[in-house]
Amino acid sequence: MNIPPIKKITEQSLTEAADLIRRGELVAFPTETVYGLAANACSDEAVAKIFAAKGRPTFNPLIVHVTNVGEAQTHTVFNDSADKLAAMFWPGALSFVLPKQSKSNVSALVTAGLDTMAIRNPAHPAALALLKEVQTPIAAPSANRSGCLSPTTAKHVAEHFGSSISLVLDGGECGVGVESTILDLSSKTPVLLRPGGVTVEEIEPVIGPLSQRPVSKILAPGMLENHYAPKTPIRINAYNCSSNEAVLAYGSQPLTGGKFMENLSPEEDLIEAAGNLFRMLHILDKRNCSQIAVMPIPNEGLGLAINDRLKRASTQT
Ligand code: TXA
Ligand code: MG
């Protein structure tokens, strides 16, 4: 498989990336959560390339990335909750689902024909610089093949894609390490569609209680059970392990006796653990072990997002 060119972030590589995006090509770029696969959100043809490159079903809508709140408001209809949350957490790891502005020129493919749009103002300096240079909103899913682990390094991205993408901008490792939190703010009660980089404990003091994901409708594929999965089967909440298993540990007393071990955070720091999650899963996935045994992770703060990804990765279909 041809590997796409990987270039460090420089003024020159940013200009090149922006030119490629304006010409309708795909470019992978770093955000503070995970790497994204960018296309000009206003071009049907460019957006269609994202679905083709990822092998992603076209009924699964994408997040639109913008430079600031003002730009977000030209594409979505903000309300009180969105105002408050944007003031508090943007730029950052939080995406809002809001009614689409009728005058928005974002491609209907991005929103999969829905009358709502997911929108985010990312904080990574390279992502912001790219957005400013492109001067058009960027549609970007995580830069992995559909259903696979999300990438937190440029190398992960290159492993997923061949020549279907034109360039990978290398900004080093992503700081947050799990995807953005997605909140549906389009109806009266805010709904947590996907736990992520901004925690429920941070959000609820600002806008009140969140409802959890609705049971009846699949609104975010993050909700599809088997997602973010490595090739090696995953066993969660492991209190023991066998000699042909790899261990994904948490805390100062990692399980012993496995074939390989990576520790998400010896100090039990959930922020550190989130930052390490996908990178360590990528590493353990390459060890040819029968299974990855994951130690229990506290279900609070970023632990909610970590457990959400692990639970889905462990569900086999
Ligand atoms: O951190 C992130 O959010 C990364 C970086 C690149 O920004 N992006 C990301 O995108 O995780 P993706 O495509 O892997 O996940 C976006 C999620 C999907 O589960 C999609 O279904 C949901 O957002 N989504 C997008 N538009 C939506 C809408 N109008 N209503 C409900 N869910 C929506
Ligand atoms: Mg994804």
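The opening residue of the sequence shown carries number 122 in the working numbering; numbering runs sequentially from there.
For each residue, glycine too, the CB sits at the ideal point set by N, CA and C.
- Taking C-alpha positions only, residue 291 is separated from residue 297 by approximately 16 Å.
- The beta carbon of residue 241 sits closer than 6 Å to the beta carbons of 184, 186, 216, 301 from its chain, once the five residues preceding and following it are set aside; these are given in chain order.
- Residue 333 counts as exposed, since fewer than 16 other C-beta atoms from the protein chains shown sit within 10 angstroms of its C-beta.
- For residue 327, the three-state secondary structure derived from DSSP is helix.
- Counting the other Cβ atoms within 10 Å of the Cβ of residue 153 gives 16 or more, which makes it buried.
- Short note on residue 153: C-beta not closer than 8 Å to any heavy atom of the ligand MG.
- Around the C-beta of residue 133, fewer than 16 other C-beta atoms lie within 10 Å, and the residue is accordingly described as exposed.
- Rounded to the nearest angstrom, the gap between the Cα atoms of residue 370 and residue 245 is 28 Å.
- In the three-state reduction of the DSSP assignment, residue 217 falls in the strand class, which pools E and B.
- Straight-line spacing of the CA atoms in residue 260 and residue 285 works out to 16 Å.
- Contact annotation: residue 157 and residue 151 have beta-carbon atoms nearer than 9 Å.
- Only buried fits residue 172, as 16 or more other CB atoms lie within 10 angstroms of its CB.
- Secondary structure note for residue 138: its alpha helix (DSSP H) is the uninterrupted segment 132-143.
- Annotation: the continuous beta strand (DSSP E) that includes residue 158 extends over 157-161.
- Assignment of residue 400 by DSSP, reduced to helix, strand and coil, places it in the helix class.
- With a 10 Å radius around the Cβ and a threshold of 16 neighbouring Cβ atoms, residue 195 comes out exposed.
- Spatial neighbours of residue 283 in its own chain (CB-CB distance under 8 Å, excluding positions within 5 residues in sequence) are listed in chain order as 122, 123, 124, 125.
- Excluding residues up to 5 positions away in sequence, 391, 394, 418 lie with their Cβ nearer than 8 Å to the Cβ of residue 424 in the same chain.
- Under DSSP, residue 240 forms a beta bridge with 185, 217.
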